[in-house]
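Final position of the sequence shown in this note's numbering is 101; the numbers increase by one with none missing. In this text, a Cβ means the ideal position worked out from N, Cα and C, and glycines have one as well. To start, the structure under review is shown below, and the notes come after it.
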Amino acid sequence: MALNTFKKTKKAVNVASKRKETDERFVIYVKAGTCKEKVVTGHKGKNITMAGDGIGKTIATGSDSKNGGYTTFKSATFAGLGCCHSTTMLKT
Numbered sequence: 010m011a012l013n014t015f016k017k018t019k020k021a022v023n024v025a026s027k028r029k030e031t032d033e034r035f036v037i038y039v040k041a042g043t044c045k046e047k048v049v050t051g052h053k054g055k056n057i058t059m060a061g062d063g064i065g066k067t068i069a070t071g072s073d074s075k076n077g078g079y080t081t082f083k084s085a086t087f088a089g090l091g092c093c094h095s096t097t098m099l100k101t
């Protein structure tokens, strides 16, 4: 198992999405704090899990909304992840 450090969640998801077709889960651990970025895995982002330090501790937030011209689908802060746990998702 390789361990890499990224400053942005999006960067880790991009690396996970570029790996060869596999059934192995790729886990991205996000430390406690607030992550203010939009992350989309795309069609190659399979078996990706984002794990945080706990609800209310690791917070993922974004501000895209219908009022900003985005559809409901396009306004997702994290889209296409296989699983997220121990994380709070907010729309701000």
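Helix, strand or coil, according to DSSP, for residue i in the structure here?
i, result
"Cys-16", "One point to set straight first is that residue 16 is Lys, not Cys, in the sequence displayed. Lys-16 falls in the coil class under three-state DSSP."
"Gly-78", "coil"
Say whether chain B places a C-beta atom closer than 8 Å to the C-beta of residue i.
i, result
"Ala-25", "The structure shown contains no chain B, having only a single protein chain."
What whole-angstrom Cβ distance do residue i and residue j have, given they're in contact under 8 Å?
i, j, result
"Thr-67", "Ile-57", "About 16 Å; that fails the 8 Å criterion."
Please go through the same chain and pick out, in chain order, the residues whose beta-carbon is closer than 8 Å to the beta-carbon of residue i, but skip the five residues on each side of it.
i, result
"Arg-28", "Phe-35"
So what does residue i bridge to, in DSSP terms?
i, result
"Tyr-38", "Ala-60"
"Thr-43", "Ile-68"
Using the beta-carbon count (16 or more within 10 Å), is residue i buried or exposed?
i, result
"Thr-43", "exposed"
"Gly-78", "exposed"
"Thr-80", "exposed"
"Val-24", "exposed"
"Gly-63", "exposed"
"Thr-96", "buried"
Please return the same chain residues whose Cβ sits closer than 6 Å to the Cβ of residue i, not counting the five positions on each side in sequence.
i, result
"Cys-93", "Met-59"
"Tyr-38", "Ala-60"
"Ala-41", "Asp-62, Lys-66, Thr-67"
"Phe-15", "Ala-21"
Which residues in the same chain as residue i place their Cβ atom closer than 7 Å to its Cβ, once the five residues preceding and following it in sequence are excluded?
i, result
"Asp-159", "This structure cannot speak to residue 159, because the chain is shown only from 10 to 101."
"Lys-19", "Glu-46, Val-48"
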